[in-house]
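Listed in order, the protein sequences are those of chains C and U.
Following this note's numbering, the numbering of the first sequence begins with 1 at its first residue and continues without gaps.
Following this note's numbering, the numbering of the second sequence begins with 1 at its first residue and continues without gaps.
By construction, the Cβ of each residue, glycine as well, lies at the ideal position given by its N, Cα and C atoms.
Just below is one structure, and these are the notes that go with it.
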Amino acid sequence: MRIQTRREGGCRVVAIHGSADTEASPVLREALLGAIEAGETRLVCDLRDVDFLCSDVLGVLITAYLKARGRGGFVRLADPPEPLRELLKTTRLDHLFDVYSDVTAAARP
Amino acid sequence: MPSRRRPSGDFQAWTEKTLPTHLGAIRPVETELMARLRDLGYDEDHRFAVRLAFEEALVNAMKHGNRMDPSRQVRLRYCANPECVEIHVADDGAGFNPASIPDPTADENLRKPCGRGIMLMRSYMDEVSYSCSGQEVHMIKYRNP
């Protein structure tokens, strides 16, 4: 898994590439929670290039969501491929997260 | 729970491995199984489903079964053939009652960061069963359910 971050529309966009598996989850945790600790509470996770995502990583996303919300911000999910959309639906986390078709839409105020 | 269909003994090529309780041990065996499924012509949906259940089973065995105790091991046995993928994962832990795990999709549990592994295994595999002690999980994914 590889992570790239950038700013767009007043948000910190965290683009995740590759397989978000259990071994990789600490790296994502550090990226998301580190950003929130640094005051970046409006986060967009760009999932377009993610081919796998496990429950450990779902847990990281939830933890980041709760922390960002607690500071008046958000964690939004952008452009998940179909298997990830299905995963969010199966876990009912599509009821928790706002899911957008692309990063631009997700980064709008 | 008995399997609906089982390939004949001659048809199976079982792979057996003993893994250390170390999360870094998962990726190599997962890569090996995924390569086998690609070779057998399983589509992306099947590979995603099996990979997810495989990873969740091994992580559960290490984290919740063996409590990340490096002196304990995880025993893995799998068989992939053109009809189905069958996986057994056993740990050295005290076992558990799968029925005692709260439903992670319930409204009151949606914000909890943990507890989705078993539900995902059940959702993405066609058959999931546990030994009486809860130390071993057995899963099957059929190519044509």
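Coarse secondary structure for residue i, derived from DSSP in three states
i: F96 (chain U); result: coil
i: S146 (chain U); result: Coverage of chain U is limited to positions 1 through 145, which leaves residue 146 (chain U) absent and any answer about it impossible.
i: G59 (chain C); result: helix
i: D51 (chain C); result: strand
i: P20 (chain U); result: strand
i: E40 (chain C); result: coil
i: L37 (chain U); result: helix
i: G72 (chain C); result: coil
i: G9 (chain U); result: Unreliable placement is indicated for G9 (chain U), whose pLDDT of 47 sits below 50; no coordinate value is reported for it.
i: D102 (chain C); result: coil
i: D107 (chain U); result: helix
Segment limits, beta strand (DSSP E) that includes residue i
i: H138 (chain U); result: E136 to Y142
i: I101 (chain U); result: Looking at the DSSP string, I101 (chain U) is not in any beta strand (DSSP E), and its letter there is neither H nor E.
i: E78 (chain U); result: The sequence shown places Tyr at residue 78 (chain U), rather than the Glu named in the question. Taken as a continuous stretch (DSSP letters only), the beta strand (DSSP E) holding Y78 (chain U) covers Q73 to A80.
Proximal chain U residues relative to residue i, where beta-carbon distance stays under 7 angstroms
i: D56 (chain C); result: V59
i: G59 (chain C); result: P113 and C114
i: T41 (chain C); result: Ordered by position in chain U, no residue passes the 7 angstroms Cβ test against T41 (chain C), which lies about 17 angstroms from the chain.
i: L66 (chain C); result: R111
i: H95 (chain C); result: L110
Continuous alpha helix (DSSP H) stretch holding residue i: start and end
i: I36 (chain C); result: S25 to E37
i: E82 (chain C); result: E82 to T91
i: S123 (chain U); result: G117 to Y124
i: L58 (chain U); result: E44 to N60
Cβ distance (whole Å) where residue i is taken to contact residue j below 8 angstroms
i: V128 (chain U); j: L76 (chain U); result: In fact, because the Cβ distance is near 16 angstroms, the residues do not count as touching under 8 angstroms.
i: I140 (chain U); j: E86 (chain U); result: 5 angstroms
i: L60 (chain C); j: L32 (chain C); result: Before going further, note that residue 60 (chain C) is Val rather than Leu in the sequence given. Confirmed, Cβ separation roughly 6 angstroms.
i: A20 (chain C); j: M1 (chain C); result: 5 angstroms
Partners in chain C for residue i, counting only beta-carbon separations shorter than 9 angstroms
i: L33 (chain U); result: Going along chain C, no residue has its Cβ under 9 angstroms from L33 (chain U), so there is no contact; the nearest lies around 13 angstroms.
i: T15 (chain U); result: Under the 9 angstroms cutoff, chain C gives no residues; its nearest Cβ is about 20 angstroms from T15 (chain U).
Partner residues on chain C for residue i, Cβ-Cβ distance less than 7 angstroms
i: L23 (chain U); result: T22 and E23
i: L52 (chain U); result: C54
Residue i: contacting residues in chain C (beta-carbon distance under 8 angstroms)
i: P20 (chain U); result: Those do not exist, as P20 (chain U) stays about 14 angstroms from chain C at its closest Cβ, beyond 8 angstroms.
i: L76 (chain U); result: What L76 (chain U) touches in chain C: nothing, since even the nearest Cβ is about 15 angstroms away.
i: E56 (chain U); result: C54 and S55
i: I26 (chain U); result: D21, T22 and E23
i: S123 (chain U); result: T90
Closer than 8 angstroms at the beta carbon, the chain U residues around residue i
i: P83 (chain C); result: E44, D45 and F48
i: R12 (chain C); result: Simply none; closest approach about 21 angstroms.
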